[in-house]
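A.B. asks: One structure is given below, represented as structure tokens, and several questions about it will come after.
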Amino acid sequence: MIRVRSLEFRYPGTDFLLRIPDFQVGTREMVAVIGPSGSGKTTLLNLVAGILVPEQGSVHCADSEVSTLSDAARRDFRISRIGFVFQDFELLDYLNVLDNVLHPYRITGALKLTPRIRERARDLLQQMGLGDKIQRGVERLSQGEKQRVAICRALLPSPQIVLADEATGNLDPRNKGHILDLLFEAVQAHGSTLLAVTHDHELLPRFDRTVDFNDFLVKDGL
Amino acid sequence: MIDSLYIAWKYVSFYKARTATLVACVTLIAALPLALELVLEESERQLLSRAESTPLLLGARGSALDLVMNSLYFGDEVPELISMRAADDMDASGLATPIPLYVRFQARGFPIVGTTLDYFDFRDLHIAQGRQMALLGECVIGAEVAERLELKPGDTLLSSPETLFDLAGVYPLKMKVAGVLARSYTPDDLAVLLDLKTAWVVQGLVHGHEDVTRTQDDSVIIKRSDNNVIANAKLVEYTEITTENVDSFHFHGAPDDYPLTAVLALPNDERSGTILRGRYLDTAIPYQLVVPGDVIVGLLANIFRIKNVLDAVILMVGVATALALILVFALSLRLRQHEIRTVFRIGGSRLTIFRLLGAEITIIFLVSGLLCGFAMIVVDQYSAELVRRLVIG
Amino acid sequence: MHARVVFQVILWVLLFTSTLATGQGQVKVYTVNYPLQYFSQRIAGQHADAVFPAPTEGDPAFWQPSVEVISGYQQADLILLNGANYAKWVNRVSLPRRKLVDTSAGFRDRYIRVTVDATHSHGPGGEHSHAGTAFTTWLDFEQAAAQARATADAMTRKWPEWKSDFSRNLEALEADLLELDKQIQMIVAVKPDHPLMASHPVYQYLQRRYGLNLKSMMWEPDEMPDEAQWAALARALGDHPARWMIWEGEPNPQIVKRLQRMGVESVVFDPAGNRLDKGDFLSVMGQNVKHLKRAYQ
Chain S
117 MIRVRSLEFR YPGTDFLLRI PDFQVGTREM VAVIGPSGSG KTTLLNLVAG
167 ILVPEQGSVH CADSEVSTLS DAARRDFRIS RIGFVFQDFE LLDYLNVLDN
217 VLHPYRITGA LKLTPRIRER ARDLLQQMGL GDKIQRGVER LSQGEKQRVA
267 ICRALLPSPQ IVLADEATGN LDPRNKGHIL DLLFEAVQAH GSTLLAVTHD
317 HELLPRFDRT VDFNDFLVKD GL
Chain B
79 MIDSLYIAWK YVSFYKARTA TLVACVTLIA ALPLALELVL EESERQLLSR
129 AESTPLLLGA RGSALDLVMN SLYFGDEVPE LISMRAADDM DASGLATPIP
179 LYVRFQARGF PIVGTTLDYF DFRDLHIAQG RQMALLGECV IGAEVAERLE
229 LKPGDTLLSS PETLFDLAGV YPLKMKVAGV LARSYTPDDL AVLLDLKTAW
279 VVQGLVHGHE DVTRTQDDSV IIKRSDNNVI ANAKLVEYTE ITTENVDSFH
329 FHGAPDDYPL TAVLALPNDE RSGTILRGRY LDTAIPYQLV VPGDVIVGLL
379 ANIFRIKNVL DAVILMVGVA TALALILVFA LSLRLRQHEI RTVFRIGGSR
429 LTIFRLLGAE ITIIFLVSGL LCGFAMIVVD QYSAELVRRL VIG
Chain G
42 MHARVVFQVI LWVLLFTSTL ATGQGQVKVY TVNYPLQYFS QRIAGQHADA
92 VFPAPTEGDP AFWQPSVEVI SGYQQADLIL LNGANYAKWV NRVSLPRRKL
142 VDTSAGFRDR YIRVTVDATH SHGPGGEHSH AGTAFTTWLD FEQAAAQARA
192 TADAMTRKWP EWKSDFSRNL EALEADLLEL DKQIQMIVAV KPDHPLMASH
242 PVYQYLQRRY GLNLKSMMWE PDEMPDEAQW AALARALGDH PARWMIWEGE
292 PNPQIVKRLQ RMGVESVVFD PAGNRLDKGD FLSVMGQNVK HLKRAYQ
């Protein structure tokens, strides 16, 4: 599903260099990525999602050669194939729960907001235990609830790949497990592939596989 | 676009205070010059059309503007008085038809216009209800007077004393409303029109032998006992002209000497007008004959000069506001960096951001436009009144 | 195309003539007494309708018209006033000043001031006084002619298109009035000092113009004077030995008889201030002249 080869990436003007010779994630596989801060975990997710483009090497993802696509094509790819779950949820305060979940459908032409999608959004929220808070403003939700909304937003277009960037980082220990359970369940139910960055070593056993970024990190001068 | 508008609407309705401030700024800056324009247009309409339809105006020497304002728009400033002889002399000249005017008194806040029936023909005023005034003591009221005071033919209307303590002891005249004029959208709508002779009765110059009629109205009596009657403040003494006492009303002195504020002069033709104007050029004559159109054009020129200054001020304020608005949007973009990043991350493009901002601006301007339109409707509704209060006085 | 033009022309002609026709019928001249109505109708001919709306009983000099009648005056095209303080009601109503014409304004300085003051009552006009200005200006036929001229002038100013008709009609009227004037002058010239008695003080201008040796009582034709009035007459006849008394209207036969016993004959000189039962202004004045002639024989 995901195949990264001979990848090199550098943020312009910095000495940061990410080099990944070969990295693969199979279909429906659930992979955790660990590593120290600044080791390029989030950068990898952004490369996979097509937000960033590698200097060298290729990123092949869900039948697309992401690194060679145009800006617009990468956006369409991201919208239709990737679901992103962020550490700080990235919800919009001025929209209610349902509108946040439907937000991607309203800002791009690549997704069509149909009655069926609305229905699916409600179902998803129901499954996530937010059925009674659909019309609530997100600023009135707890942290755990916010992340559940974000997960619903990521899963609504039925993405082939779900990228989770410290999805439980801002949650208390009790919520962590619960949210992860929900995420796993939903990903499995959709038949998606999960690539999750985490610091939480306790959670690692629940993934199929763990990739340690210490193996990839190269810092010039070190 | 609908989706962008939806999200933008959610945004502006979520941040109510910010939106309200922006809308208020845009509305004010748009409405101010428009309202000013409306009021000026109205004043031009009210002032100019009436002035231009009044060929010549004779009055005492002094402020031509006061004379025109009083005679044409029934402004409060009463010019120096002239006498009925001025009208008779003009009549005798055979050059113009004089329409005497005596605009000095008020009735419940509306100007009393003493004139002759010719005035109605001249101004093309028609009776909508009731009939034309016929007897001494009768009046015909403008449509607006009838509406505001809720008067109809057959009702009565008291003249107001000229000063609170009228030492001359002239009692208000209880006038009978004979008719109500059809609306003309001119100052006549706000006038209480009566015969000159009745106006002189209001002043007490023409009077009857029984000047005072004491009220028999029981509603003014609070308590009545054997040796005491307590009356409330409603008790007023007034003169009333009835069929019984009308014969006793008589002129004291020569009617030639009776006062007027002005004489409208309708020259027989252009040549007569020119000759007539020539006659009153002599400074030894205590009268001035003015062309109301010229006086009003002069006034409007002054008003427009002020308007130009105001326009410049408004323009500067407008530019300042526009800059402030741009700053507000620029700052809000910074504040919304996080939100913009989210939009990018979930697949939005730069265009998406612009579309959202555009939709927000559209909504703000749309709401401002609506408010502005509403404000204009209100201003338009009251512009006639505003002009009366601000310009005519 | 051609037919349409013709049709339009016909339409316009029809419209034009119909407005002319209706316009003509609507021209109205209102007056405050009968003489002026007579004058104005004769001068106007078929061009205008002269209206004098007072009731036939009572003296129009002391009349108070109703609101409806005033409204008629207000809508008139021309309102002819007699002047000389005649019809005081004019001062107590609203009339369009522009349409008012004072027919005696030309001889305003020759009004006769009356000092006798005693209010009395006759007819439905109620109590009234003759103090002030004498108002039967038309009984001086030269003045009547002047009033007719003022009427014609006013009408000509108003309707200049009919000027020639007005002047022609005025000429004829003036001739009639001046003929009366001449006749009375001739009658009086025979006996300039011939004493006469008048029942009522309404002949001031007649007296002045023709030099009548006239004294006035304050009698009414249909009211038997009381003894005090008879005594006053007897006293007056002492130094004014009149053989004839001139009456405004046909006097009560009993009064006539009692006067005859005193050697005084009665004769009518109708001022014709109000509309007449029979005849017109000219015929009544002709009658008056005949009656006057009898008083001078």
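Chains as they are written, first to last, in my numbering: chain S, 117 to 338; chain B, 79 to 471; chain G, 42 to 338.
Just so you know, even glycine gets a beta-carbon here, dropped at the ideal spot from N, CA and C.
Keep in mind it's a predicted model, so treat the numbers as computed, not measured.
(1) With three or more beta-carbon pairs closer than 8 angstroms as the criterion, would you say the region 213–228 of chain G touches the region 259–272 of chain G?
(2) Does DSSP classify G:Leu221 as helix, strand or coil?
(3) Are there 16 or more other CB atoms within 10 angstroms of the CB of B:Tyr263, so buried, or fewer, so exposed?
(4) Which of helix, strand or coil does DSSP assign to B:Lys254?
(5) Considering only the beta carbon of each residue, do S:Gly260 and S:Asn216 sit closer than 8 angstroms?
(6) Using the beta-carbon of each residue, which ones in chain G are nearer than 7 angstroms to B:Thr486?
(7) For B:Pro178, write down the residues that DSSP places opposite it in a beta bridge.
(8) Relative to chain S, which residues along the region 79–91 of chain B have a C-beta separation below 7 angstroms, given in chain order?
(9) Measure the C-alpha to C-alpha separation of B:His204 and B:Thr352 and round it to an integer number of angstroms.
(10) Quick one: residues in its chain with C-beta nearer than 6 angstroms to the C-beta of G:Ala89, no 5 flanking neighbours on either side, listed in chain order?
(11) Assign B:Thr276 to buried or exposed, taking buried as 16 or more other Cβ atoms, counted over all protein chains shown, within 10 Å of its Cβ.
(12) Counting pairs of Cβ atoms below 8 angstroms between the region 132–151 of chain B and the region 358–373 of chain B, do you hit three or more?
(13) Pairing CB atoms from the region 322–329 of chain G with CB atoms from the region 92–105 of chain G, are three or more of them under 8 angstroms?
(14) So, helix, strand or coil for G:Leu61, using DSSP?
(15) Can you tell me whether B:Val258 is buried or exposed? The criterion is at least 16 other CB atoms within 10 Å of its CB, across all chains shown.
(16) Rounded C-beta distance between B:Ile392 and B:Leu110? I'm assuming under 8 angstroms.
(17) Once the 5 residues before and after B:Ile85 are set aside, which same chain residues still bring their CB inside 8 angstroms of it?
(18) Among the residues of its own chain, which have a CB less than 8 angstroms from the CB of B:Phe327, if the five just before and after it don't count?
(19) Pairing CB atoms from the region 413–425 of chain B with CB atoms from the region 111–123 of chain B, are three or more of them under 8 angstroms?
(20) Against chain B, does G:Val134 count as a neighbour if the rule is that its beta carbon must be under 8 angstroms from one of theirs?
(21) What is the C-beta distance between B:Leu195 and G:Leu317, in whole angstroms, given that I count them as a contact (C-beta under 8 angstroms)?
(22) What residues are listed by DSSP as bridge partners for G:Ile287?
(23) For S:Arg322 and S:Leu296, which I take to be in contact (beta-carbon distance under 8 angstroms), what is that distance rounded to the nearest angstrom?
(24) Quick check: is the beta carbon of S:Ala302 nearer than 8 angstroms to any beta carbon in chain B?
(25) Of the choices G:Gln224, G:Ser145, G:Thr72, whose alpha-carbon is the least far from that of G:Met329?
(26) Bridge partners for B:Phe188 per DSSP, in chain order?
(27) Could you give the distance in angstroms between the alpha-carbon of B:Cys103 and the alpha-carbon of B:Ala390?
(28) Thinking G:Gln188 and G:Trp179 are a contact (beta carbons under 8 angstroms), I'd like their distance in whole angstroms, please.
(29) Please tell me whether S:Gln276 and S:Thr224 are closer than 8 angstroms, where the distance is taken between their beta carbons.
(30) Are G:Met227 and G:Val305 closer than 8 angstroms when you measure CB to CB?
(31) Go to S:Arg191, then tell me how far its beta strand (DSSP E) extends in each direction, as first and last residue.
(32) Assuming contact is defined by CB atoms lying nearer than 8 angstroms, are S:Val213 and S:Leu246 in contact in what I supplied?
(33) Going along chain B in order, which residues have a C-beta closer than 9 angstroms to the C-beta of S:Ala226?
(34) Could you name the residues of the region 207–224 of chain B whose beta carbon sits closer than 8 angstroms to any beta carbon of chain G, in the order they occur along the chain?
(35) Relative to chain S, which residues along the region 397–426 of chain B have a C-beta separation below 7 angstroms, given in chain order?
(36) In angstroms, rounded to a whole number, what distance separates the CA positions of S:Ile136 and S:Thr158?
C.D. replies: Reading it off the structure:
(1) Here the region 213–228 of chain G makes no contact with the region 259–272 of chain G; the two share fewer than three CB pairs at distances below 8 angstroms.
(2) Along the third sequence, one-based indexing puts residue 221 of chain G at 180. Helix at G:Leu221.
(3) Sequence index remark: in the second sequence, residue 263 of chain B carries index 185 (1-based). With fewer than 16 other Cβ atoms within 10 Å, it is exposed.
(4) Counted from its first residue, the second sequence places residue 254 of chain B at position 176. Note: B:Lys254 maps to strand in three-state DSSP.
(5) Numbered from 1 along the first sequence, position 144 holds the residue referred to as residue 260 of chain S. Numbered from 1 along the first sequence, position 100 holds the residue referred to as residue 216 of chain S. For the 8 angstroms CB-CB criterion, S:Gly260 and S:Asn216 do not form a contact.
(6) Nothing can be reported for residue 486 of chain B: it is not among the residues displayed for chain B, which extend from 79 to 471.
(7) As a first step, residue 178 of chain B must be located in the second sequence, where it is residue number 100. BP columns for B:Pro178 point to B:Val341.
(8) Identification of residues in the region 79–91 of chain B having a C-beta nearer than 7 angstroms to some C-beta of chain S yields Asp81, Tyr84, Ile85, Lys88, Tyr89, given in sequence order.
(9) As a first step, residue 204 of chain B must be located in the second sequence, where it is residue number 126. As a first step, residue 352 of chain B must be located in the second sequence, where it is residue number 274. If I take the Cα positions, the gap works out to 31 angstroms.
(10) Reading the third sequence from its first residue, position 48 is the one you call residue 89 of chain G. In its chain, beyond the 5 residues on either side, Val68, Val70 have a beta carbon closer than 6 angstroms to the beta carbon of G:Ala89.
(11) Sequence index remark: in the second sequence, residue 276 of chain B carries index 198 (1-based). Classification for B:Thr276: buried.
(12) Pairwise C-beta distances place the region 132–151 of chain B in contact with the region 358–373 of chain B, as three or more of them are shorter than 8 angstroms.
(13) Taking 8 angstroms as the limit for Cβ pairs, the verdict is that the region 92–105 of chain G does not touch the region 322–329 of chain G.
(14) By one-based count along the third sequence, residue 61 of chain G stands at place 20. Residue confidence for G:Leu61 is low, a pLDDT of 45 falling below 50, so the modelled location carries little weight and cannot support an answer.
(15) The sequence position of residue 258 of chain B within the second sequence is 180, counting from 1. With 16 or more Cβ atoms within 10 Å of its Cβ, B:Val258 is classed as buried.
(16) What you label residue 392 of chain B is simply residue 314 of the second sequence in a count that begins at 1. What you label residue 110 of chain B is simply residue 32 of the second sequence in a count that begins at 1. Confirmed, about 5 angstroms.
(17) Residue mapping note: residue 85 of chain B aligns to position 7 of the second sequence, counting from 1. Answer for B:Ile85: Leu434, Ala437, listed in chain order.
(18) Your numbering for residue 327 of chain B matches position 249 in the second sequence. Its chain contains Leu214, Val279, Val284, His285, Gly286, Ile319 as the residues whose beta carbon lies nearer than 8 angstroms to that of B:Phe327, once the 5 sequence neighbours on both sides are disregarded; these appear in chain order.
(19) By the Cβ test, the region 413–425 of chain B is not in contact with the region 111–123 of chain B, since fewer than three Cβ pairs between them sit closer than 8 angstroms.
(20) Here residue 134 of chain G is taken as the residue at index 93 of the third sequence, counted from 1. Output row for G:Val134: interface = yes.
(21) Residue 195 of chain B sits at position 117 when you count from the first residue of the second sequence. Residue 317 of chain G sits at position 276 when you count from the first residue of the third sequence. Cβ-Cβ separation between B:Leu195 and G:Leu317: approximately 31 angstroms, too far for a contact (criterion under 8 angstroms).
(22) Reading the third sequence from its first residue, position 246 is the one you call residue 287 of chain G. G:Ile287 pairs with G:Ala239, G:Val308.
(23) By 1-based counting over the first sequence, the position of residue 322 of chain S is 206. By 1-based counting over the first sequence, the position of residue 296 of chain S is 180. Right, the Cβ-Cβ distance comes to about 7 angstroms (below 8 angstroms), so this counts as a contact.
(24) Mapped onto the first sequence, residue 302 of chain S falls at position 186. Look at S:Ala302: its C-beta is not under 8 angstroms from any C-beta on chain B.
(25) Taking the third sequence and counting its residues from 1, the one referred to as residue 329 of chain G is at position 288. First, the residue type needs correcting, since residue 329 of chain G is Asn and not Met in the sequence shown. For G:Asn329, the closest alpha carbon among the candidates G:Gln224, G:Ser145, G:Thr72 is that of G:Gln224.
(26) If you number the second sequence from 1, residue 188 of chain B lands on position 110. B:Ala185, per the DSSP bridge assignment.
(27) Position 25 of the second sequence, counted from the first residue, corresponds to residue 103 of chain B. Position 312 of the second sequence, counted from the first residue, corresponds to residue 390 of chain B. Approximately 18 angstroms between the Cα atoms of the pair.
(28) On the third sequence, residue 188 of chain G is found 147 positions in, with the first residue counted as 1. On the third sequence, residue 179 of chain G is found 138 positions in, with the first residue counted as 1. Confirmed, Cβ separation roughly 6 angstroms.
(29) For the purposes of this step, residue 276 of chain S is identified with residue 160 of the first sequence, where counting begins at 1. For the purposes of this step, residue 224 of chain S is identified with residue 108 of the first sequence, where counting begins at 1. Contact flag unset, no.
(30) As a working mapping, residue 227 of chain G is identified with position 186 in the third sequence. As a working mapping, residue 305 of chain G is identified with position 264 in the third sequence. No, Cβ-Cβ distance for G:Met227 and G:Val305 is not below 8 angstroms.
(31) Taking the first sequence and counting its residues from 1, one reaches residue 191 of chain S at position 75. Premise fails: S:Arg191 lies in the alpha helix (DSSP H), 187–197, not in any beta strand (DSSP E).
(32) On the first sequence, residue 213 of chain S is found 97 positions in, with the first residue counted as 1. On the first sequence, residue 246 of chain S is found 130 positions in, with the first residue counted as 1. At a Cβ-Cβ threshold of 8 angstroms, S:Val213 and S:Leu246 count as neighbours.
(33) If you number the first sequence from 1, residue 226 of chain S lands on position 110. Correct list: Gly425.
(34) Listed by position along the chain: Arg209, Gln210, Met211, Ala212, Leu213, Leu214, Glu216.
(35) Listed by position, the residues of the region 397–426 of chain B near chain S (Cβ gap below 7 angstroms) are Glu417, Thr420, Val421, Arg423, Ile424, Gly425, Gly426.
(36) Here residue 136 of chain S corresponds to residue number 20 of the first sequence, with the count starting at 1. Here residue 158 of chain S corresponds to residue number 42 of the first sequence, with the count starting at 1. Rounded to the nearest angstrom, the two C-alpha atoms are 14 angstroms apart.
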